[in-house]
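According to this note's numbering, the residues represented by the sequence shown are 27 to 265, in order.
We put the CB at the ideal spot given by N, CA and C, even for glycine.
Data first, discussion second: the structure below is written as structure tokens.
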Amino acid sequence: MIQEEKTKSQEAFTPKLEDNGEPLVPASCYPERILVRPQYFIQGLEGSIPECYVREGVLERLIEVAESLPRGWKLVLLDCWRPLALQKALFSKLCRELRERNKDLCEEEIIRRAKMFVALPSDDPIRVPGHATGGAVDLTISDNKGRILYMGSDFDETTERSFTCYYENLAREGKKLSAKEKEAMENRKMLLQLMGRANFSNYPEEWWHFDFGNMNWAIRTGAPKAIYGITKPKFRWVS
27 MIQEEKTKSQ EAFTPKLEDN GEPLVPASCY PERILVRPQY FIQGLEGSIP
77 ECYVREGVLE RLIEVAESLP RGWKLVLLDC WRPLALQKAL FSKLCRELRE
127 RNKDLCEEEI IRRAKMFVAL PSDDPIRVPG HATGGAVDLT ISDNKGRILY
177 MGSDFDETTE RSFTCYYENL AREGKKLSAK EKEAMENRKM LLQLMGRANF
227 SNYPEEWWHF DFGNMNWAIR TGAPKAIYGI TKPKFRWVS
């Protein structure tokens with residue numbers, strides 16, 4: 027079962043890019059509602075950083091989502107703005123894993139499969155990875171006891187279980203879902219609905235990935251332009 031690809035109209039649609047100049051801001055300053063757990067820094071990946079940076083408009087929307095959660099529940103950010111060096115490291119690592127697991131696949135197919143889960147590193151303004159814009163967020167939810175909600179696949183799991191509608195599709199095909207599978211399906215639907223109300227769009231191959239303001243978001247929503255292009259944090263002593 028392969029999740030549906032983008033429609034032909036989406037593929038043919040190329041929005042304009044007019045960066046509005048919003049700065050990147052840290053998302054860790056509202057721990058009452060938003061927790062920052064930068065997974066690639068925790069795992070020691072090359073180029074990773076110990077903060078989750080997002081554009082100002084993205085943070086405003088994340089706060090809106092977080093404050094709509096039940097009392098004591100929180101958003102948990104796993105990855106947001108991503109340096110191109112980290113993007114390259116992730117893409118290369120995934121390609122190596124795919125080659126090791128699939129000795130019979132040609133390089134073209136390896137690249138195609140890798141691109142389903144990690145965007146091809148590029149500084150082309152039109153093809154820049156969403157995480158390099160500050161408009162992409164990878165996240166989940168914790169309850170009032172600090173427990174991460176069960177979503178049915180691990181973050182960054184490169185299987186079809188990570189597809190946002192995986193469990194819904196199973197149910198639609200007539201499979202009787204277990205209690206845990208139903209729990210995952212409902213939790214994903216909740217996350218999708220909450221983020222959608224704040225005008226985020228979901229990447230359908232990853233239940234945890236949402237975009238606002240970047241090219242991916244504009245293409246999925248049909249917005250006439252993207253307002254976030256490639257960017258990086260500004261520091262006084264670092265160029």
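Going residue by residue through the segment 104-129, where are the continuous beta strand (DSSP E) segments of at least 3 residues, counting only ones entirely within it? none
Under 6 Å Cβ to Cβ from residue 235, same chain only, skipping five residues before and after it: list those, please. 164 and 229
Taking the alpha helix (DSSP H) that residue 246 falls in, what are its first and last residues? 241-247
Run the CB neighbour count on residue 34, radius 10 Å, all protein chains shown included, and call it buried at 16 or more, exposed below. Legend: pLDDT at residue 34 = 44, less than 50; position of this residue unreliable, value from coordinates given subsequently. Burial call: exposed.
Does the segment 110-123 come close enough to the segment 140-157 to have 3 or more Cβ pairs within less than 8 Å? Contact between the segment 110-123 and the segment 140-157 is present, because at least three Cβ pairs lie under 8 Å.
Which of helix, strand or coil does DSSP assign to residue 201? coil
What is the rounded straight-line gap between the Cα of residue 121 and the Cα of residue 138? 10 Å
Alpha carbon to alpha carbon, what distance is there between residue 202 and residue 259? 47 Å
Nearest residue (CA-CA) to residue 78, options 90, 70 and 60: 60
Determine which residues share a DSSP beta bridge with residue 52 and list them. 79
Residue 43 and residue 251 closer than 8 Å at C-beta: It is a contact, given that the beta carbons lie within the stated cut-off.
So, is residue 105 buried or exposed, given that buried needs 16 or more other C-beta atoms within 10 angstroms? Label assigned to residue 105: buried.
Limits of the beta strand (DSSP E) - the one that residue 236 falls within: 235-237 is the span of the beta strand (DSSP E), which, as asked, contains residue 236.
Alpha carbon to alpha carbon, how far is residue 91 from residue 224? 7 Å
Among 87, 103, 53 and 148, which residue has its Cα nearest to the Cα of residue 65? 103
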